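One structure is given here, and the rest of the page talks about it.
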Amino acid sequence: MTVLITLQDGLARLPSGALAVAFSGGMDSSVLLHALARLPGARTRGLRAIHVNHGLHADSDRWAAHCRESAAALDVPLHIAAAQVDQGGSTGLEDAARRARFAAFAAALQPGEILALAQHRGDQAETVLLKLLRGAGPQGLGAMRGLRKHGNGYLWRPLLDVSRAMVFEYAQQNGLYWVDDPSNAQTHLSRNFLRHEIIPRLTQHWPHAEAALVHSATWLRAAADYIDAQSAAALAGLRGAEPATLDWRGWLALPDALRDPVLRSWLRECGLDEPAHFHVAELERQLLAAQDRTPCVAFEGTELRRLRDRLCAFRRDGTRCVPRPD
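For the sequence shown, the tail end lands on 376 under the numbering used here, and the numbers increase by one without skipping.
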């Protein structure tokens, strides 16, 4: 399907709410904003654009000015948000910028507002490979979802079934201008390495590799949804009368497929970072140790401790974490 038809179909299935576009000024988001601006179904939702200025590049302000001019030419209001990027974090600048960007989006969204992002089929295939190489389970290998909650609103990725070539064709046919972030060509970054070096070679041998990866992600999301439903039921039983803690013996008795997602769901509810797989394995090992010990597994800003028959989550400053209400 063409970009416009894909967007028309997607708009018809969205929940009610205002509509915004995450607008970096690059080719993909320029196509998304231009196409949505042509559709009455988007205009009637009060279409606007949101640009996040990370302030990490010498041209950041120039890119913001380009976005302002482009949005004005389409008669689309633009909100520019400044991202607060932690440049000293342990996960690297790329991940820190992504976290800051999505935090800025969450802060900018109005209740129920839907933020459209321009990731396409090529981006989805890259995400599947990245997750696979990092040892992800079904939740991770399901990659990006077409629609999910984010802050007060939703993230909507309507182009996940549209190829990069179709996005480029739309940009060419409509005479669009966009900015190029030079970091997108730096192949020492994992995603760029896959995009420029690996996926082109895969498609030379398997022409449908990209589509196959995306199709597999669809099946894995369905499996992940089932696991999530089972995990939610298991987590409810493990909380018992103390929702801020878990029955650690009951957690250890869960099937392998449920222990990891149950722990992650609980920590998300507590507003804490999720552990790496080796942290979960270490927690299991320590909980199985002698009963007179007090296991403690620490990662990022979180500590997990066994206190008698309960597993408790603490911030690294020693304060007990309490799950957020639904």
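By construction, the Cβ of each residue, glycine as well, lies at the ideal position given by its N, Cα and C atoms.
Every value quoted in this text rests on a predicted model; they were computed, and no experiment measured them.
Inclusion of SER240 and ARG171 in the CB contact set at 8 Å is not warranted, their separation being larger than that value. Taking a cut-off of 8 Å for Cβ pairs, the region 307-327 and the region 278-296 touch, as three or more such pairs fall below it.
LEU89 sits in coil when the DSSP states are folded into three classes, being neither helix nor strand. The continuous beta strand (DSSP E) containing VAL71 extends over residues 69-72. Nearest to ALA348 by C-alpha distance, out of ARG360, VAL330, HIS101, ALA339, is VAL330. The three-state secondary structure of THR268, taken from DSSP, is helix. Here LEU302 is actually not in contact with THR352; their C-beta atoms are around 19 Å apart, not less than 8 Å.
In the DSSP assignment, ARG360 is bridged to ASP297, LEU357. In this structure, DSSP gives THR344 a state outside helix and strand, which the three-state scheme calls coil. The residues VAL217, TYR220, ALA221, in chain order, have a CB closer than 6 Å to that of VAL81 in the same chain once the five nearest residues on each side in sequence are set aside. It is roughly 22 Å from the alpha-carbon of ALA274 to the alpha-carbon of GLY300.
For ASN234, there is no enclosing beta strand (DSSP E), as DSSP marks it with neither H nor E. At least 8 Å separates the beta-carbon of LEU83 from that of VAL102.
Taken through DSSP and simplified to helix, strand or coil, TYR227 comes out as coil. Less than 8 Å divides the Cβ of LEU97 from the Cβ of ALA87.
Nearest Cα to GLN174 within the set ARG360, VAL264, LEU54, PHE328: VAL264. The continuous alpha helix (DSSP H) containing VAL330 extends over residues 327-337. With contact defined as three or more Cβ pairs closer than 8 Å, the region 139-153 and the region 181-198 are not in contact. A distance below 8 Å separates the beta carbons of LEU333 and LEU354. A residue is called buried when at least 16 other Cβ atoms come within 10 angstroms of its Cβ; SER233 does not meet this threshold and is exposed. In the DSSP assignment, ILE249 falls within the unbroken alpha helix (DSSP H) covering 249-255.
Under the criterion of beta carbons closer than 8 Å, ARG207 and GLN169 qualify as touching, at roughly 5 Å. Around the beta-carbon of SER66, fewer than 16 other beta-carbon atoms lie within 10 Å, marking it exposed.
When secondary structure is reduced to three states using DSSP, LEU61 falls in the helix class. Counting the other Cβ atoms within 10 Å of the Cβ of LEU322 gives 16 or more, which makes it buried.
Around MET77, the same chain offers ALA221, TRP228 as residues with beta carbons nearer than 6 Å, after the five sequence neighbours per side are excluded.
A residue is called buried when at least 16 other Cβ atoms come within 10 angstroms of its Cβ; TRP298 meets this threshold and is buried.
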